[in-house]
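As structure tokens, the structure follows; a few thoughts come after it.
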Amino acid sequence: MAPRISNSLFSVAVIAATVVVGGSNLPQAVAVGLEVMTFNLRTANVDDGADSWPNRKEFVADLIRRRGPDIIGLQEVVREQIEFLEDVLPHYRWLGIDRGLNGGEGLSEYTPIFYRHAELSPIESGNFWLSQTPDTPPEIREIRGRRRRFGRIVTWARFHHVTTGRAVYFYNTHLTIRQGQRQLESANLIVERMAALPDDSLVIVTGDFNAPAETSATWRAVTADGLLDAWVIAEQRQGPAFTLSEFGPPVDWDVGRIDWILVDGPFSVRSIETVIDHDKGRYPSDHYPVTAHLEFEH
């Protein structure tokens, strides 16, 4: 995929609007923003003691309300968590499927896309598997009495951005924790799918890539042909340059920044933040969410 950037900083799509200035109608450049979040929520299927899902779900919802992202790529989410967020965040709708890991509907991970439906309207959406047969779910196997489907997925959608009228492609994923050939094959498949998009597409990719940004082969593969790391190109950065929290305050766990927001097309990345908000020492997940403020360009 050839890079689709308009300057050395980077682009992600914008618009010009007419505003009234001093009583006269004068054409002015009005920046239109898009708030993006990636957030590994930590599954509700495990017992994390005091950090288990029932003890942090209200804070997760409050964090999303306060931050107000237009679109969120969530990872490691099961149906119970989706239904809770759907109930308490009425301004959002969601897309995605269960990847079938634990042998029952809703028991396995989704990589859902939550979006503010007043601002974004899905035109088309789908999922593909990070496997040798991306358009076909992997075979279900019987492991220790449980039916399991081994395979990570990407959930994607093409949205109509209501304010600008532009189309925005959004992809969300969660790569295997094992760095190496499987991660590289997944990264290459994602890049291959990006290459099939029209050259002027506005593209956002979010995910837990389970590999450190800027130093790993996975990051180099994903960013080799057009996709750019929003953290690297942002005009302003806030928060630590690592995203694993282990439910605690910022400590460098030597795994680097594994939760990424990637962009391609005419956007400017004005700011990006690793969010370390907590509620009296209670953190929302074992990962910090990451938010980016993008602006569509002329």
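In terms of the working numbering, the sequence shown opens at residue 118 and continues consecutively. Using N, Cα and C, we set each Cβ at its ideal position, and we do this for glycine too. As the structure is a computational prediction, the values presented were derived from the model and not from experiment.
When the options are compared against residue i, the one with the closest alpha-carbon
i	options	result
residue 192	272, 254 and 163	272
residue 372	332, 196 and 386	332
residue 166	399, 338 and 251	399
residue 390	368, 381, 412 and 351	351
residue 345	377, 245 and 178	377
residue 206	368, 311, 408 and 178	178
residue 283	237, 175, 181 and 310	237
residue 354	408, 334, 310 and 250	408
DSSP-derived helix/strand/coil call for residue i
i	result
residue 168	helix
residue 332	coil
residue 161	coil
residue 202	helix
residue 274	strand
residue 226	coil
residue 355	strand
residue 59	Only positions 118 to 415 of the chain appear in the structure, and residue 59 is not among them; the question remains open.
residue 408	strand
residue 302	helix
residue 374	coil
Cα-Cα separation between residue i and residue j, rounded to whole angstroms
i	j	result
residue 226	residue 248	16 Å
residue 162	residue 234	28 Å
residue 383	residue 348	16 Å
residue 198	residue 366	23 Å
residue 255	residue 148	44 Å
residue 397	residue 173	11 Å
residue 361	residue 295	16 Å
residue 280	residue 164	43 Å
residue 313	residue 293	24 Å
residue 359	residue 326	13 Å
Are the region 315-327 and the region 286-293 touching by the rule of at least three beta carbon pairs closer than 8 Å? With three or more CB-CB distances shorter than 8 Å, the region 315-327 counts as touching the region 286-293.
Three or more C-beta pairs under 8 Å: does that hold for the region 400-413 against the region 150-166? Here the region 400-413 makes contact with the region 150-166; the two share three or more CB pairs at distances below 8 Å.
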